[in-house]
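Sequential numbering from 1394 applies to the sequence shown in my numbering. What follows is a single structure, written as structure tokens, with notes after it.
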Amino acid sequence: MPQRLRKIFLFNIKWHRRIGLGITIMLIFLAATGILLNHSPALNLADKHLKGPWLLNWYGLEHPQLEGVRIGDQWLSLSDNSLFLDTAPVATCPAPLHGAAGVPDMLLALCEDALLLLTPSGELIEKVDTFSGLPEGITRLQALNNQILISNAQQTYVIDPESLSISVRANIEDGWSTPTAVPDALFKQIDSSALPGISLESLILDLHSGRFFGAAGVWFVDIIGILLCVLALTGIWAWNSRRRLNGGGK
């Protein structure tokens, strides 16, 4: 009996060590990520966002192609309902950006059912929407002879910049503002808060649980958990067997 017990003991010890060595790195990783998550509020992990293109692609988030309209030396562009004048966010405007234009001492941006009037420095003067008289379905904008023209599928209108009165005029087909992709240099300078991102807390949590790697990652972490239980049981068995081999169990 002691000889048989010794063989079982040695077999158990061998696999106990193999399992322990095999999961050591994962145990260190899980412990480190667990500690970070436990102190997430103190480290402000939820407020730190990662916006690398590869990470956004991994999470299925599209890295936006920022579109805007060049007015003189300035760009008006829209990202995530934030209207930008060059690199500075200046107003909230419901997407999409249909067009932008400029008249003396004023910039104009046409979003979904909303026309924004801004100073040349980007200060909001007025927002005209369907509740304040903007006709339904307006999707086109242009400045012609210092006049503000807007249009939907049926009619063209002219807006008085002083009184904001809207009147019908003859339809016009050419000259409407069309947004285009902003230059790469400007895109890189746009305030990153307007771009989607993954919080550092979410990333660490997904790594800790294995969800970062999909279903396979979750199963892998589950297997590590099972092996950890096996490691604990074989450790207890080895301790008890050693006591018996040394006569401590009598």
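For each residue, glycine too, the CB sits at the ideal point set by N, CA and C. Just so it is clear, the structure is predicted and the values come from calculations on it, not from any experiment.
Let's test the definition: count the other Cβ atoms within 10 Å of the Cβ of residue i and tell me whether it reaches 16, buried, or not, exposed.
{"i": "Glu-1594", "result": "buried"}
{"i": "Gly-1445", "result": "exposed"}
{"i": "His-1491", "result": "buried"}
{"i": "Phe-1477", "result": "buried"}
{"i": "Trp-1468", "result": "buried"}
{"i": "Ile-1629", "result": "exposed"}
{"i": "Thr-1512", "result": "exposed"}
{"i": "Val-1561", "result": "exposed"}
{"i": "Gly-1603", "result": "buried"}
{"i": "Gly-1526", "result": "exposed"}
{"i": "Ser-1514", "result": "exposed"}
{"i": "Ser-1544", "result": "buried"}
{"i": "Ser-1558", "result": "exposed"}
{"i": "Leu-1414", "result": "exposed"}
{"i": "Asp-1473", "result": "exposed"}
{"i": "Gly-1568", "result": "exposed"}
{"i": "Leu-1501", "result": "buried"}
{"i": "Gly-1495", "result": "buried"}
Which one of the options has the shortest CA to CA distance from residue i?
{"i": "Thr-1424", "options": "Trp-1630, Glu-1566, Leu-1621 and Ala-1631", "result": "Reading off the sequence, residue 1424 comes out as Ala, not Thr. When each option's Cα is compared against that of Ala-1424, the closest is Leu-1621."}
{"i": "Leu-1508", "options": "Leu-1626, Asp-1498, Pro-1489 and Pro-1497", "result": "Pro-1489"}
{"i": "Asp-1577", "options": "Ser-1470, Gly-1618, Leu-1420 and Arg-1411", "result": "Ser-1470"}
{"i": "Arg-1541", "options": "Ser-1556, Leu-1478 and Gly-1618", "result": "The amino acid at residue 1541 is misidentified as Arg; the sequence shows Ile. Cα-wise, what sits closest to Ile-1541 is Ser-1556."}
{"i": "Glu-1566", "options": "Met-1499, Leu-1534, Pro-1554 and Ile-1583", "result": "Leu-1534"}
{"i": "Trp-1451", "options": "Gly-1607, Gly-1427 and Asp-1553", "result": "Gly-1607"}
{"i": "Lys-1581", "options": "Ala-1625, Ile-1421, Asp-1466 and Ala-1481", "result": "Ala-1481"}
{"i": "Lys-1441", "options": "Ile-1591, Asn-1633 and Ala-1625", "result": "Ile-1591"}
{"i": "Val-1614", "options": "Arg-1635, Leu-1436 and His-1601", "result": "His-1601"}
Per DSSP, residue i is paired with what?
{"i": "Met-1499", "result": "Val-1496"}
{"i": "Gln-1547", "result": "Note: Gln-1547 sits in no beta bridge, so no partner."}
{"i": "Arg-1463", "result": "Trp-1468"}
{"i": "Thr-1573", "result": "Gly-1461"}
{"i": "Thr-1485", "result": "Ser-1475"}
{"i": "Ser-1560", "result": "Val-1551"}
Following a CB-centred definition, is residue i positioned closer than 7 Å to any heavy atom of the ligand ZN?
{"i": "Leu-1508", "result": "This structure simply doesn't include the ligand ZN, nor any ligand for that matter."}
* Would the region 1458-1477 and the region 1565-1573 be scored as touching if the rule is three or more Cβ pairs under 8 Å? -> Yes: at least three Cβ pairs fall under 8 Å.
- request: Pair every Cβ in the region 1521-1538 with every Cβ in the region 1406-1422, then say whether three or more of these pairs are closer than 8 Å.
  value: With a cut-off of 8 Å on Cβ pairs, the region 1521-1538 is not in contact with the region 1406-1422, counting fewer than three such pairs.
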